[in-house]
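Student: The structure follows.
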Amino acid sequence: MKECYLGIDIGSISTKAVIINKSYQILSSCYIETKGNPIVAVKEALQLVSIPPEYQLRGIGTTGSARKLIGLLLNANVVKNEITAHAVGTLTYHPDVKTILEIGGQDSKVICIRNRMIHDYAMNTLCAAGTGSFLSSQAKRLGVDVKDFGNIALKSTNPTNIAARCTVFAESDLVHKAQIGYPKEDIIAGLCKSVVLNYLNNVCKGKRLESPIIFQGGVSKNVGVHKYFEEILKEKVLVDDNGHLMGALGVAILSSKVPNPRNYTLDFQNIEFKTIGEECKGCSNRCELVRIYRDRELLDTWGSKCGKY
Amino acid sequence: MNKISYPQLGSYGVPIYYLLTHVLRNEIIKPKEITKKTMELGSKYSPDFVCTPFKYTLGTMIESLDMGADILIQMGGGCRYGYYHELQEQILKDLGYHFQLINLINGGNHISIRKLFKEYPIELKKRGFLKYLYTTKKMVIYMDKIDHYIRSHRCYEKEKGAFNKLREEMLLKMSEAKGPIHLYHIYKTYLKRMKNVPLRETTKRIRVGLIGELYTLMEPKANEEIEELLNSYGFEVKRYTDVTYLLFQKKRKVKQYLKNFFIKYRMGADALDNIHHTKELCEDEYDGIIHIKSSFCTPEIAAMPIIESTAQQYGVPVLFFSMDMNTSETGFLTRIEAFCDMLEMRKQ
Numbered sequence: 534m535k536e537c538y539l540g541i542d543i544g545s546i547s548t549k550a551v552i553i554n555k556s557y558q559i560l561s562s563c564y565i566e567t568k569g570n571p572i573v574a575v576k577e578a579l580q581l582v583s584i585p586p587e588y589q590l591r592g593i594g595t596t597g598s599a600r601k602l603i604g605l606l607l608n609a610n611v612v613k614n615e616i617t618a619h620a621v622g623t624l625t626y627h628p629d630v631k632t633i634l635e636i637g638g639q640d641s642k643v644i645c646i647r648n649r650m651i652h653d654y655a656m657n658t659l660c661a662a663g664t665g666s667f668l669s670s671q672a673k674r675l676g677v678d679v680k681d682f683g684n685i686a687l688k689s690t691n692p693t694n695i696a697a698r699c700t701v702f703a704e705s706d707l708v709h710k711a712q713i714g715y716p717k718e719d720i721i722a723g724l725c726k727s728v729v730l731n732y733l734n735n736v737c738k739g740k741r742l743e744s745p746i747i748f749q750g751g752v753s754k755n756v757g758v759h760k761y762f763e764e765i766l767k768e769k770v771l772v773d774d775n776g777h778l779m780g781a782l783g784v785a786i787l788s789s790k791v792p793n794p795r796n797y798t799l800d801f802q803n804i805e806f807k808t809i810g811e812e813c814k815g816c817s818n819r820c821e822l823v824r825i826y827r828d829r830e831l832l833d834t835w836g837s838k839c840g841k842y
Numbered sequence: 003m004n005k006i007s008y009p010q011l012g013s014y015g016v017p018i019y020y021l022l023t024h025v026l027r028n029e030i031i032k033p034k035e036i037t038k039k040t041m042e043l044g045s046k047y048s049p050d051f052v053c054t055p056f057k058y059t060l061g062t063m064i065e066s067l068d069m070g071a072d073i074l075i076q077m078g079g080g081c082r083y084g085y086y087h088e089l090q091e092q093i094l095k096d097l098g099y100h101f102q103l104i105n106l107i108n109g110g111n112h113i114s115i116r117k118l119f120k121e122y123p124i125e126l127k128k129r130g131f132l133k134y135l136y137t138t139k140k141m142v143i144y145m146d147k148i149d150h151y152i153r154s155h156r157c158y159e160k161e162k163g164a165f166n167k168l169r170e171e172m173l174l175k176m177s178e179a180k181g182p183i184h185l186y187h188i189y190k191t192y193l194k195r196m197k198n199v200p201l202r203e204t205t206k207r208i209r210v211g212l213i214g215e216l217y218t219l220m221e222p223k224a225n226e227e228i229e230e231l232l233n234s235y236g237f238e239v240k241r242y243t244d245v246t247y248l249l250f251q252k253k254r255k256v257k258q259y260l261k262n263f264f265i266k267y268r269m270g271a272d273a274l275d276n277i278h279h280t281k282e283l284c285e286d287e288y289d290g291i292i293h294i295k296s297s298f299c300t301p302e303i304a305a306m307p308i309i310e311s312t313a314q315q316y317g318v319p320v321l322f323f324s325m326d327m328n329t330s331e332t333g334f335l336t337r338i339e340a341f342c343d344m345l346e347m348r349k350q
């Protein structure tokens, strides 16, 4: 029996699952929307990926904003943050990369790599301006599908300037530009450009972006944003076809390196999971307790500051 | 008789309570531990863009006043914190509380003791003032020494919580100390016991330096207990800022720093110290530096670019945190986790 490993990246907008073998080749993968319910999304994703019959699952890794919850439910042997996962995944497939630009649904980060390891990183702290959710909400406002966003942006020769310091103000600026009659493609191109500028000014502040540069995360599928990155950085920016899967690939690789693995099965579908929120009344801290049940059996309680639970 | 209370800062409540109860006849009210309610009270009545120490101390003051205190103690600092006592006094008086506020340090200078007793309704006990003042000073110094030891050894403890348990025991014993000699014995016993705590063997040590704004560094509730968190990842932690440093060493050290270092001016509060400490940590080959400040802390904001470029010259990564009531714990943990992973990878 050959060995294979499952990596799941549960992000704010999309859930990615991937199964790899020992030599890190992708056997099966899927990409679906989270829609605010990670448990349902993971159940759906696990139906979409399939383990070939000659393989045995020997490790599960989770990453992304719901990594802790899903890691607990699936009994994963690796639960890692997105930054490490992305770096590990990228370095496996592109060992020479020196800078990773990553723009996801809710956060954006830059990872600087020297000597094939993370040297420095930064993540957006205060605001979600210039992330995937910003682009998708603006697409909705303009009545365009996000997937066409990039191609429409490429048509423009004269992108408008959109103030992108803050999501809310960018939106009002966009409305203003639309109101004075700018063509749609110029506004969309302006949006893509403002995402790039905002990202470079806020997240990459003080970081040296050395080439080769690779661009990942959901937004990397947007050719408009990609074009403006190359234009503004004056460097070639790589985009991997599997760029959106890198986080999932990274944790799958990490889980393959765990010593003493055990066999896993994916009997996740029929089990009922429930999360119940509760306020602890022990002291005036009033911690918000989160209890997680599997078929009425209490798995874990999170959120207490004093360590009572 | 008037009742006295003071703001909460880490475990320093122990020596302050010790001093006040031994020296004064007044009743002393121990402030409550900082909880979510404290923070909510503090933020509710504070200006929005004021830094977090203001909000924490204001919250504690309101809780103390509700418990019946009518004399409050506050300490100004070398930044805009120096003006905070006046603003806090005004806010609390507007809320309808009747009390007096004593500001012990004004613009970096201590208030004179004679003035203190003349102007405020506090009564001194007849005997032992100097003895207990000295004991308190020693208590602070011993506590800081023990904490220094804990920060660099807790990460290797075999039995989880062994150091914390000893520390709590020690604080309890110290609060019952009879005098400086008794205190010294307590310190020695516990230092010995701590040195006997079984430790794991390790081949690679990862050391992290903590710098930043003083209140957020010293109050574990304000920094999400970052020291314990780093220790639990197996990292040694070094922190320069503690009360010993601020009260008894800072003046002398800053003079030295101004002499030997490329910075010629003071930048307010601890900005200059932090820049110098960055350089020291880099030269000591620390693996990483974490800079914590409360949001809107002006001196630290001014120091941040200099800290970053200094550390860059040595190739040491720096992680910056701005703590606020609204800091999301998840975001904080993700960043710290990634930083720790990075340090581990760099070490290999």
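Here the protein sequences line up with chains F and A, keeping their order. Number 823 in the working numbering belongs to position 290 of the first sequence; there are no gaps in the numbering. Number 324 in the working numbering belongs to position 322 of the second sequence; there are no gaps in the numbering. Built from N, CA and C at the ideal position, the CB exists for glycine as well.
Return the Cβ separation of residue 786 of chain F and residue 622 of chain F in integer angstroms, given the expectation that the two are a contact with Cβ distance under 8 Å.
Tutor: Right, their Cβ atoms sit about 6 Å apart.
Student: Return the residues of the stretch 15 to 39 of chain A that lie within a Cβ-Cβ distance of less than 7 Å from chain D, sorted by chain order.
Tutor: Here chain D cannot be found, since the structure's protein chains are F and A.
Student: For the stretch 49 to 67 of chain A and the stretch 218 to 229 of chain A, state whether three or more C-beta atom pairs, one from each stretch, are separated by less than 8 Å.
Tutor: Yes, since at least three Cβ pairs between the stretch 49 to 67 of chain A and the stretch 218 to 229 of chain A fall closer than 8 Å, the two stretches touch.
Student: Compare the beta carbon distance of residue 271 of chain A and residue 81 of chain A with 8 Å and say whether it is the shorter of the two.
Tutor: Closer than 8 Å, so yes.
Student: Please classify residue 629 of chain F: is it buried, with 16 or more other beta-carbons within 10 angstroms of its beta-carbon, or exposed?
Tutor: Per the 10 Å Cβ criterion, exposed.
Student: Can you tell me whether residue 681 of chain F is buried or exposed? The criterion is at least 16 other CB atoms within 10 Å of its CB, across all chains shown.
Tutor: Result: exposed.
Student: Any idea which residues DSSP pairs residue 655 of chain F with across the strands?
Tutor: In the DSSP output, where bridge partners are listed per residue, residue 655 of chain F has F:643.
Student: Kindly indicate if chain F contains any beta-carbon less than 8 Å away from that of residue 327 of chain A.
Tutor: With 8 Å as the cut-off, residue 327 of chain A does not count as an interface residue toward chain F.
Student: For residue 149 of chain A, is the classification buried or exposed, using 16 other Cβ atoms within 10 angstroms of its Cβ as the cut-off for buried?
Tutor: By the neighbour-count rule (16 or more Cβ atoms within 10 Å), residue 149 of chain A is buried.
Student: To which residues does DSSP link residue 537 of chain F through a beta bridge?
Tutor: Answer by DSSP bridge pairing, in chain order: F:554 and F:590.
Student: Just checking: is the beta-carbon of residue 310 of chain A within a distance shorter than 8 Å of some beta-carbon in chain F?
Tutor: Yes, contact with chain F.
Student: On a CA-only basis, which of A:61, A:99 and A:180 is nearest residue 38 of chain A? Give me that one, please.
Tutor: When each option's Cα is compared against that of residue 38 of chain A, the closest is A:61.
Student: Mind listing the chain F neighbours of residue 205 of chain A? Cutoff is C-beta to C-beta under 8 Å, in chain order.
Tutor: Here the premise fails: no neighbours, minimum Cβ distance about 17 Å.
Student: Who are the Cβ neighbours of residue 846 of chain F in its own chain at under 8 Å, not counting the five residues just before and after it?
Tutor: For residue 846 of chain F there is no data in the structure shown, the boundaries of chain F being 534 and 842.
Student: Note down, in chain order, every chain F residue with its Cβ under 7 Å from the Cβ of residue 347 of chain A.
Tutor: Ordered by position in chain F, the residues that pass the 7 Å Cβ test against residue 347 of chain A are 650 and 651.
Student: What three-state label does DSSP hand residue 827 of chain F in the structure shown?
Tutor: In the structure shown, residue 827 of chain F sits in a strand (DSSP, three-state: E or B).
Student: Quick check: what's the CA-CA separation for residue 153 of chain A versus residue 197 of chain A?
Tutor: So the two alpha carbons sit approximately 13 Å from each other.
Student: Buried or exposed, going by whether 16 or more other CB atoms sit within 10 Å of the CB of residue 790 of chain F?
Tutor: By the neighbour-count rule (16 or more Cβ atoms within 10 Å), residue 790 of chain F is not buried but exposed.
Student: Can you pull the chain A neighbours of residue 617 of chain F, defined as C-beta to C-beta under 7 Å?
Tutor: Simply 340 and 343.
Student: How would you list, in chain order, the residues of chain A whose beta-carbon sits under 8 Å from the beta-carbon of residue 797 of chain F?
Tutor: Simply none; closest approach about 24 Å.
Student: Can you check which of these residues, A:9, A:16, A:17 and A:28, is closest to residue 3 of chain A by C-alpha distance?
Tutor: Comparing Cα positions, the closest option is A:28.
Student: Alpha carbon to alpha carbon, how far is residue 68 of chain A from residue 35 of chain A?
Tutor: When rounded, the distance between both Cα atoms is 14 Å.
Student: Give the range of the alpha helix (DSSP H) segment to which residue 580 of chain F is assigned.
Tutor: Looking at the DSSP string, the run of the alpha helix (DSSP H) that includes residue 580 of chain F is 571 to 581.
Student: Which residues of chain A have a Cβ atom closer than 9 Å to the Cβ of residue 819 of chain F, listed in chain order?
Tutor: Here the neighbours are 37, 38 and 39.
Student: Would you mind sorting residue 114 of chain A into buried or exposed? The rule is 16 or more other CB atoms within 10 Å of its CB.
Tutor: Residue 114 of chain A comes out exposed.
Student: Can you tell me whether residue 313 of chain A sits near the ligand GDP, meaning its C-beta is under 7 Å from at least one heavy atom of the ligand?
Tutor: This structure does not include the ligand GDP; it has no bound ligands of any sort.
Student: Give, in chain order, every unbroken run of the beta strand (DSSP E) that is at least 3 residues long and sits entirely within the stretch 285 to 341 of chain A.
Tutor: Here the runs fully enclosed are 290 to 296 and 320 to 325.
Student: Output the distance between the C-alpha atoms of residue 738 of chain F and residue 285 of chain A, rounded to the nearest integer angstrom.
Tutor: Each residue's Cα considered, the two are about 25 Å apart.
Student: Report yes if the CB atom of residue 71 of chain A is closer than 8 Å to the CB atom of residue 5 of chain A, and no otherwise.
Tutor: Contact: yes.
Student: With H, G and I counted as helix, E and B as strand and the rest as coil, what does DSSP make of residue 16 of chain A?
Tutor: Residue 16 of chain A: helix per DSSP, three-state reduction.
Student: On a Cα-Cα basis, can you pick out the residue from F:598, F:677 and F:539 that is closest to residue 553 of chain F?
Tutor: The option with the nearest alpha carbon to residue 553 of chain F is F:539.
Student: Assign residue 840 of chain F to one of three DSSP states: helix, strand, or coil.
Tutor: Coil at residue 840 of chain F, not helix or strand.
Student: Locate the alpha helix (DSSP H) running through residue 86 of chain A, then write down its first and last residues.
Tutor: 86 to 96 is the extent of the alpha helix (DSSP H) around residue 86 of chain A.
Student: Start and end of the beta strand (DSSP E) containing residue 83 of chain A?
Tutor: No beta strand (DSSP E) contains residue 83 of chain A, which DSSP labels as neither H nor E.
Student: Between F:665, F:727, F:821 and F:766, which lies nearest to residue 749 of chain F when the distance is taken from Cα to Cα?
Tutor: For the residues F:665, F:727, F:821 and F:766, the minimum Cα distance to residue 749 of chain F belongs to F:665.
Student: Between the C-alpha atoms of residue 747 of chain F and residue 544 of chain F, what's the straight-line distance to the nearest angstrom?
Tutor: Each residue's alpha carbon lies about 20 Å from the other.
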